Amino acid sequence: MRAVVLKDFGRPLEIEDVPDPILGTGEVIVDVAAAPVLSYADEVFSGARRYLLPTPVVPGCGAIGRVREVGPDATRLKPGDWVFCDPTVRSRDDALMPDIVLQGWSARGEGGQKLQGYHRDGPFAERVRVPTENAVPIGDIDPADAGLWCAVNTLLIAYGGLLAMELRAGENLLVSGATGNFGSAATLTALAMGARCVVAPGRNEAVLADLDRRFGRRVAPVVLTGDAARDGEAMRAAAPGAIDAVLDFLPPSVGASVARTAIMAVRPYGRAVLMGGVGMLGGEDLALPYPWIMRNLVTVRGQWMYPREAVAGMVGLVRAGLLSLSHFAVTEFALDDVNDAVAHAAANAGPFRLTVLKP
Ligand SMILES: NC(=O)c1ccc[n+]([C@@H]2O[C@H](COP(=O)([O-])OP(=O)(O)OC[C@H]3O[C@@H](n4cnc5c(N)ncnc54)[C@H](OP(=O)(O)O)[C@@H]3O)[C@@H](O)[C@H]2O)c1
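Everything in the sequence shown is counted per our numbering, starting at 261 for the first residue and increasing by one.
Below is the structure:
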């Protein structure tokens, strides 16, 4: 089959004929129809992000495709089914704390790297082999929409945070980083789940205006000034009532105090879920005050990716017409043009934009 190969970090991607993946028990081979090219793929492939990804490798992170072949233990999946290839591969030998690898993308820790030794190649290829549970049916789609369905790759991550906080219909949510790629996806998803209002702080006034245009009075944009006291007050004042929960999606470049100000806008008994990268490049710790958490009975938790059942929930939101994928503008590239696709994705990062490879 034809596949994109990353021979070494810092080298352009190459398109080659490589051996077809071989099916084993507990696995599925999928014909890839479309695979998203993430906006920071250039930083992964240059080595700047220092992702744990052994080369040479067929990269990629998530895909939409059709089942080609199933292993002997698949009881429902069958050839021809449209599926989302979930890149979140979990080890099966520890139910309590499975190791996780993002197939074709990165690994974490010793166990993740061991798992990656086998579930290594991703979907920038005509075919990909995934664990059976990672080929999740999405129902019939128009093949022309395969690229658009790649939006679920981003939306699912946002949904993972909203599930973790147990967001309920009618609640007010604050998304810290709402003008970013995942923050905007969280805003769209929370509204689809029935949030009363999403408080959307940001500095980029063009994106804030775009959120306002898309979602109207259910989004409350707040222009950040950098003054923690003023910003905290403005976020609380923007919500039509108390802020029930906060989802943080700020990247590592942002100082901890920006995250802290947004998190501390939550009401007593409220919840905060941390999904961004604050502190991952060093710098000040988040340092939420112990007495504030205790006296206000606040729940703070972290979330990486999303649970397996999230895919069915996300497909349900789309199928019910609650979440429209048409918010996303998709640009598609052929496998041969993968390097152009990576450059395009970097130059067109931002809310509701999607670059897709069609093998
Ligand atoms: N937990 C997980 O499973 C998971 C999965 C994927 C990604 N992530 C993480 O999510 C994070 C966000 O990624 P992304 O692609 O959404 O990033 P992004 O598109 O670059 O968005 C960055 C956001 O941060 C805001 N921001 C930047 N500097 C700021 C400052 N000084 N003050 C206030 N706001 C500031 C931006 O707002 P303005 O532009 O308006 O300033 C924007 O809303 C990353 O750390 C990524 O690693 C987590």
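The C-beta atom is built at its ideal place from N, Cα and C for all residues, glycine as well. Note that the coordinates shown come from a computational prediction; the quantities given were computed from them, not determined experimentally.
* To do: Could you please give the first and the last residue of the uninterrupted alpha helix (DSSP H) stretch that includes L433?
  => Counted as a single uninterrupted DSSP element, the stretch harbouring L433 is not any alpha helix (DSSP H) but the beta strand (DSSP E) occupying residues N432 to S436.
* To do: Put W552 into one of helix, strand or coil per three-state DSSP.
  => The answer is helix: DSSP assigns W552 an H, G or I state.
* Asked: Counting pairs of Cβ atoms below 8 Å between the segment 409 to 425 and the segment 533 to 544, do you hit three or more?
  -> Contact holds: three or more Cβ-Cβ distances are below 8 Å.
* Asked: Hey, quick one: how far does the alpha helix (DSSP H) through V602 stretch, first residue to last?
  -> Element bounds for V602: V598 to A607.
* To do: Tell me whether I417 counts as near ligand 1, meaning its Cβ is closer than 7 Å to at least one heavy atom of that ligand.
  => I417 Cβ: within cutoff of ligand 1.
* **Of the listed residues D470, P316, L433 and L557, nearest to A418 (C-alpha basis)** => Closest by alpha carbon: L433.
* Can you list, in chain order, the residues of its chain whose CB lies under 6 Å from that of T559, leaving out five sequence neighbours each side? -> Only R531 meet the Cβ criterion.
* Under the rule that 16 or more other beta-carbon atoms within 10 Å means buried, what is P272, buried or exposed? -> So P272 ends up on the exposed side.
* To do: Please confirm whether L510 and G454 have their CB atoms less than 8 Å apart.
  => Their beta carbons are not under 8 Å apart, which means L510 does not touch G454 by this criterion.
* Can you tell me which of the three DSSP states K338 falls into? => Coil.
* Asked: Looking at the structure shown, is I282 part of a helix, part of a strand, or coil, going by DSSP?
  -> Residue state, collapsed to three classes: coil.
* What residue does the beta strand (DSSP E) around K618 start on, and which one ends it? -> Segment R613 to K618, the beta strand (DSSP E) holding K618.
* Inter-residue Cα distance where the pair is D333 and G286 -> Near 6 Å, if we compare the C-alpha coordinates of G286 and D333.
* Asked: Mapping DSSP to helix, strand and coil, what is L557?
  -> In this structure, L557 counts as coil in the three-state DSSP scheme.
* Asked: Taking 7 Å as the cut-off, is the CB of G536 close to at least one heavy atom of ligand 1?
  -> Here the distance from the Cβ of G536 to the nearest heavy atom of ligand 1 is below 7 Å.
* To do: Classify E431 as buried or exposed, calling it buried when 16 or more other Cβ atoms lie within 10 Å of its own Cβ.
  => So E431 ends up on the buried side.
* Sequence ranges, alpha helix (DSSP H) only - wholly within the segment 352 to 382, length at least 4 -> DSSP runs (the alpha helix (DSSP H)) wholly in the segment 352 to 382: 369 to 376.
* Asked: So is S306 buried or exposed if we call it buried at 16+ other beta carbons inside 10 Å?
  -> With a threshold of 16 other beta carbon atoms within 10 Å, S306 falls short and is exposed.
* Would the C-beta of W564 count as close to ligand 1, meaning under 7 Å from any of its heavy atoms? -> Yes.
* To do: Pull up the distance between the alpha-carbon of A606 and that of S299, whole angstroms please.
  => Their backbone Cα atoms lie some 5 Å apart in a straight line.
* Have a look at P461 and P481 and give me their C-alpha separation to the nearest angstrom. => Rounded to whole angstroms, P461 to P481 spans 6 Å at the Cα level.
* Tell me whether the beta-carbon of V297 lies closer than 8 Å to the beta-carbon of V602. => Less than 8 Å divides the Cβ of V297 from the Cβ of V602.
* Asked: So, K618 versus A411, is the Cβ gap smaller than 8 Å?
  -> Contact flag unset, no.
* Cβ of R613 versus every heavy atom of ligand 1: is any distance shorter than 7 Å? -> No, the beta carbon of R613 sits no closer than 7 Å to any heavy atom of ligand 1.
* Which full runs of the alpha helix (DSSP H) of 4+ residues lie inside the segment 274 to 329, going along the chain? -> 301 to 306, all fully within the segment 274 to 329.
* To do: Tell me whether L484 sits in a helix, a strand or coil according to DSSP, three-state version.
  => In the structure shown, L484 sits in coil (DSSP, three-state: anything other than H, G, I, E or B).
* Alpha carbon to alpha carbon, how far is G364 from L313? Give it in angstroms, no decimals. => Cα to Cα, L313 sits roughly 8 Å from G364.
* Asked: Quick one: Cα of G537 to Cα of L507, how far?
  -> Approximately 13 Å between the Cα atoms of the pair.
* **Cβ pair A609, N441 closer than 8 Å** => Yes.
* Any heavy atom of ligand 1 closer than 7 Å to the CB of P511? -> Inclusion of P511 in the 7 Å shell around ligand 1 follows from its C-beta lying nearer than that to a non-hydrogen atom of the ligand.
* **DSSP three-state assignment for G501, whether helix, strand or coil** => In the three-state reduction of the DSSP assignment, G501 falls in the coil class, being assigned neither a helical nor a strand state.
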